[in-house]
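Novice:
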Amino acid sequence: MLVMAVDDCVTGRQERHAGAPLPGCTRTADVLSARREFLSRSVEEIRADLDSRHRLHEDTFSSIEADLRRLRLDRGYLDNWAAGYEPSVESRKSALDKGIADLREALVGEDLAFWRDSIGLHRELREAIGAGHLAEAAGGLAPAGLSLPPLEHGRAASPLRPACKEAPGHG
C-alpha cells in the first residue's frame with residue numbers, strides 16, 4: 004500500500020517504486036493551490052469591505068455633523084429673541100433642541116454600527132488569514148505574508164502592533 008503525503012506532492016517528490024507517480028498527487032496539489040487562491044481573494048475582498056465601511060462611516064459621520072452644526076447655528080440665532088416675544092419662537096427652539104438631540108443620538112448610533120461592522124469584518128479577516136496559513140502549511144509552503152491591516156485605516160498603526168523602526172545609523 005502506498006501512502007501519499009501532501010509534502011511529497013508539493014515538493015515534487017512524486018515518484019516511488021520504479022518511477023511511478025503517486026496516485027492523486029497532482030489533484031491534491033491543485034486542490035491546495037485553489038484553496039490558497041480562494042483564501043487570498045477572500046482576504047482581499049474583506050479588506051476592501053473594511054475600507055468601504057470606513058469610507059461610509061466617515062461620509063455618514065460628516066453629513067450628520069454638518070446637519071448638527073446647522074441646527075446649533077439656528078438654535079443660537081433664536082436665543083437672541085426674548086422669551087415670550089414671539090410664541091412661535093419657543094416652539095421652534097423646542098423643535099431645534101429635539102433635532103439636535105436626535106442627531107447626537109444618530110452620531111452615537113453610527114459609531115456603534117461602525118464598530119459592530121468592523122469587529123465582524125476583522126473576525127472574518129482573521130479566520131481567512133488563519134485558514135490561508137493552514138492551507139499553506141498543509142502544502143508545505145511558507146506563509147505568503149498575509150497579515151491583518153491596521154485597525155485605523157489611513158491613520159497611525161495600532162499601539163498593539165508598533166511600527167518597525169530602523170536601527171540607528173541605517174537610513
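With the working numbering as the guide, the letters of the sequence shown map in order to residues 4 to 174. For each residue, glycine too, the CB sits at the ideal point set by N, CA and C. Nothing here was measured: the structure is a model prediction, and the numbers come from that model.
I'd like the list of long-range same chain contacts for G102, defined as Cβ closer than 6 Å, with 5 residues on each side in sequence excluded.
Specialist: L74
Novice: Over what stretch of residues does the alpha helix (DSSP H) that includes W118 continue unbroken?
Specialist: P90 to A141
Novice: In terms of alpha-carbon separation, which member of R107, D82, S65 and S121 lies closest to R180?
Specialist: Only positions 4 to 174 of the chain appear in this structure, which leaves residue 180 out of reach.
Novice: What number of angstroms, rounded off, separates the C-alpha of A140 from the C-alpha of A134?
Specialist: Straight through space, the alpha carbons of A134 and A140 are spaced by roughly 10 Å.
Novice: Among the residues of its own chain, which have a CB less than 6 Å from the CB of E130, if the five just before and after it don't count?
Specialist: none
Novice: Considering only C-alpha positions, which residue in the set I67, S97 and G87 is nearest to G79?
Specialist: Of I67, S97 and G87, the residue nearest in Cα terms is S97.
Novice: Tell me which same chain residues have a C-beta within less than 7 Å of the C-beta of A37, skipping the five on either side of it?
Specialist: Cβ neighbours of A37 beyond the five flanking positions: none.
Novice: Determine contact between the segment 84-91 and the segment 39-57, defined as no fewer than three beta-carbon pairs at a distance below 8 Å.
Specialist: no
Novice: With 16 as the cutoff for other CB atoms within 10 Å, does L76 come out buried or exposed?
Specialist: exposed
Novice: Do the CB positions of R107 and L71 come within less than 8 Å of each other?
Specialist: With respect to the 8 Å criterion, R107 and L71 are classified as neighbours on the basis of their beta carbons.
Novice: Can you tell me which of the three DSSP states A85 falls into?
Specialist: coil
Novice: By the three-class DSSP mapping on this structure, what secondary structure does S43 have?
Specialist: Correct three-state label for S43: helix.
Novice: Less than 8 Å between the CB atoms is what I'm expecting for A116 and L35, so what's the real figure, rounded?
Specialist: No, A116 and L35 are not in contact; Cβ-Cβ is about 38 Å, not under 8 Å.
Novice: Can I67 and A104 be called in contact, C-beta distance under 8 Å?
Specialist: no
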